[in-house]
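Okay, so the sequence shown: first residue is -1 according to my numbering, each after it adds one.
Ideal Cβ placement from N, Cα and C applies to all residues, glycine included.
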Amino acid sequence: YQNGLDAILQNGLFENLLEEGLHLVEWGDERLEKALANLGEKCVKVVISPSQKGRKYEVYGA
């Protein structure tokens, strides 16, 4: 949890991301994004940051 690509690889979870379907990863890092892109997997990235009105959601790759 919150350890990026290394933890995903150590726990054997990376292969699950290559299975058909929708997968949500909390606390993914740029290395994970690049690894999936190198295998031709499409990623949508949601960045959530605080704002004066609550939270700001930025969506990339949708």
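{"Query": "Go ahead and pull the three-state DSSP assignment for GLU24.", "Result": "coil"}
{"Query": "Considering GLY2, what are the terminal residues of the alpha helix (DSSP H) in which it resides?", "Result": "2 to 8"}
{"Query": "Tell me which residue opens and which closes the beta strand (DSSP E) that GLU56 is part of.", "Result": "52 to 58"}
{"Query": "On the DSSP letters alone, give me the boundaries of the beta strand (DSSP E) that GLY43 sits inside.", "Result": "For clarity, residue 43 is Lys in the given sequence; the question names Gly instead. Residues 43 to 49."}
{"Query": "When the Cα atoms are used, what is the spatial distance from LEU16 to SER47?", "Result": "28 Å"}
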